[in-house]
Structure formats: C-alpha cells, structure tokens
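Colleague:
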Amino acid sequence: MTGRLGGKVALITGGASGIGRACALRFAEDGAAVAVADLDTARAAEVAERIVAAGGRAVAVGVDVADEAAVEAMADATVHELGGIDLCVAAAGISHAGYVSSEDGDARTERGRPRGVGPILDKSLEDWQRVLDVDLTGVFLTDRAVIRRMVAVGRGGAVVNIASGAAQVAIAGSVEYSVAKTGVWMLTKGFAVEVGRHGIRVNAVGPGVIETPMTAELRRAGRFVEKIERATPLGRLGRPEDIAAACAFLCSDDASFVTGEILYPDGGYLAPQRL
C-alpha cells in the first residue's frame, strides 16, 4: 500500500469498532502499518486481518487504556512488532460507565436506561470515575507512552486525540462524559506546548454525533439521536469514516504546521446560536 502515510507506523486505540476501526482502515489505505489496539482483542484481530488481506501490515494488541502497565505494554508491543510508532490516534472511549463495545451496543440497563446514565445528583462515584478513567486518564496514558517513545527515537511524530462536541456542551445524564472530553481538549494543548520542540504534533478531533455502536444504543433508548439529526445543518449524523479522514489529515504532512488544535467534524451542529 502507498499513500500520504506511507512508511509510517500508526497505533490506534479503540481500533476494534466505531471511529477507531475506521481510523485503522483509513490509515492502512493511506500506507501506514497499523497496530490495532483494543480491549476486545478478537475483534481487533479481525480488523488487523482485514488490513493484511488487503496487502497492508497490521497487528492486533490487547489493551485496557485505563491500566498504566497495559498501556506501556501496548506501546512496547507496537515497537517490537512494527518497528516504532510515528502516529497515534487515541480513540478508545466509553459514553457511560455501563458501556461495552459491541456491534449491537450495550444491554446493561438500570431503571430502563443505560447503566451510568442519569441525573448528576444520582451519579455514583464508581460510575463517574469509570468514564474519567477511560476517556481522560486513558488518553493521558496513551499519549505519554507513545510520545516518550517518539522522543527517544528523535524523528518526530503526530498524535490525534478523540475529543467530542460534548466538550462544548453539557449533556444531561452524562455530564462526566462532557467533563472528560473537555479535559482531553486541554490535555491535547498541554502536550502540544511541551513536545513541539521535539517535532511532535498533538491535535484533537471533536466529532459530532457519529453512527457507531454507542449511537445505536442511544437511538434505541429514545429520540435523542433524531433531535440531533434535525439540529445538524447537514441533516445527518456523521460516519466513522468522516472522522477517520480528519485524523488522517492531522497525521499527514498536509498538517505539518498544525498543533494544539481541535477540529470539529460535526456537520455544523455547533455553528448555530440556539436561543
């Protein structure tokens, strides 16, 4: 495979499904060797096998991004199997404490709604902490592990963190998700400021509502998704491939002077002033 990411090695967390899977496939199409990292190692292996079958290089790596030792092992495995890490997309994430990645979404419910979704006054510390552990601390651990290895090699690199449009608005029932994604925004800027001198760029992408297994669950739970579609100027939800294209751009030489930024591919959802 050849393309604008040819000769690079990309590590994608959350690579077994949704946005992460789309990124793994897109980066491979653009010429990168890809480490597909996910808690679901079987499905990560399926993605890696698809890349290899198409003529690319890929390996599957199991990881819980909230586990420091597991993240370090993931980075080491990528270097060992593929020869280094040039690019990274930190896409692993959960929308609420009860979420389990699957093609059919998550069946865990409490009082008729997904576990962990509910008023902030009823939120347990356990459910609050689980989302922050994965969505914020997991990004910190991933970025730190990857960038340490980039610095050691000395040839620069590019990192993209998956934030969310929820960093701009509070989502009733899932405020911890908005808090975590807002933290990813500032974490991205902090890394960009500190590691730019090493030739390493760090940016974020803040998707709007995207058709993923998480969204499928929300669609079943009520009319939230339909309301988003009506409020989006382009009139549809995003596709994982839309976000993968944005990540590929930010990791390419076309974005060589872009760092510390957050790009919002959201169909224009955040553009209107709603009164």
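The opening position of the sequence shown corresponds to residue 127 in the numbering used here, with each subsequent residue numbered one higher. Backbone N, C-alpha and C define an ideal beta-carbon position, used for all residues, glycine too.
(1) Report all residues from its chain with a CB closer than 6 angstroms to the CB of residue 398; omit the five preceding and five following residues, and keep chain order.
(2) Is DSSP giving residue 362 helix, strand or coil here?
(3) What's the C-alpha gap between residue 134 and residue 202?
(4) How about residue 219 and residue 261: are their beta carbons less than 7 angstroms apart?
(5) Quick check on DSSP: helix, strand or coil for residue 157?
(6) Need the endpoints of the alpha helix (DSSP H) that residue 356 sits in, please.
(7) Could you pull out every residue in the same chain whose Cβ sits closer than 6 angstroms to the Cβ of residue 453, ignoring the five residues on either side in sequence?
(8) Measure the CB-CB distance between residue 388 and residue 332 and report whether it falls below 7 angstroms.
(9) In its own chain, which residues sit with a C-beta less than 7 angstroms from the C-beta of residue 345, not counting the 5 before and 5 after it?
(10) Which residue wins for smallest C-alpha separation from residue 357, given the options 153, 394, 302 and 293?
(11) With distances taken Cα to Cα, identify the nearest neighbour of residue 320 among 270, 128, 172 and 155.
(12) Which value, in whole angstroms, describes the spacing of the CA atoms of residue 251 and residue 221?
(13) Please report how far the alpha carbon of residue 213 lies from the alpha carbon of residue 284, in whole angstroms.
(14) What does DSSP give as the partner residue(s) for residue 164 in the beta ladder?
Modeller: Let me lay it out:
(1) For the purposes of this step, residue 398 is identified with residue 272 of the sequence shown, where counting begins at 1. Answer for residue 398: no residue qualifies.
(2) As a working mapping, residue 362 is identified with position 236 in the sequence shown. Looking at residue 362 - three-state DSSP - the assignment turns out to be coil, as it is neither helix nor strand.
(3) Mapped onto the sequence shown, residue 134 falls at position 8. Mapped onto the sequence shown, residue 202 falls at position 76. Their Cα atoms are separated by approximately 16 angstroms.
(4) Translated into positions along the sequence shown, residue 219 becomes position 93. Translated into positions along the sequence shown, residue 261 becomes position 135. Going by C-beta atoms, residue 219 is nearer than 7 angstroms to residue 261.
(5) For this step, residue 157 is matched to residue 31 along the sequence shown. Coil at residue 157, not helix or strand.
(6) Translated into the one-based positions of the sequence shown, residue 356 becomes position 230. Taken as a continuous stretch (DSSP letters only), the alpha helix (DSSP H) holding residue 356 covers 350 to 357.
(7) Lying outside 127 to 401, the shown extent of the chain, residue 453 is not represented and no answer is given.
(8) If you number the sequence shown from 1, residue 388 lands on position 262. If you number the sequence shown from 1, residue 332 lands on position 206. Yes, these two residues count as a Cβ contact at 7 angstroms.
(9) Along the sequence shown, read from residue 1 onward, the residue named residue 345 stands at position 219. Answer for residue 345: 351, listed in chain order.
(10) The residue labelled residue 357 in the question sits at position 231 within the sequence shown. With distances taken between Cα atoms, residue 357 lies closest to 394.
(11) The count along the sequence shown starts at 1 and reaches residue 320 at position 194. Checked all of 270, 128, 172 and 155; the closest Cα to residue 320 is 270.
(12) Here the question's residue 251 lines up with position 125 in the sequence shown. Here the question's residue 221 lines up with position 95 in the sequence shown. The alpha-carbon atoms of residue 251 and residue 221 are separated by roughly 16 angstroms.
(13) By one-based count along the sequence shown, residue 213 stands at place 87. By one-based count along the sequence shown, residue 284 stands at place 158. Taking the CA atoms as reference points, residue 213 sits about 5 angstroms from residue 284.
(14) Mapped onto the sequence shown, residue 164 falls at position 38. Its beta-bridge partners are 188.
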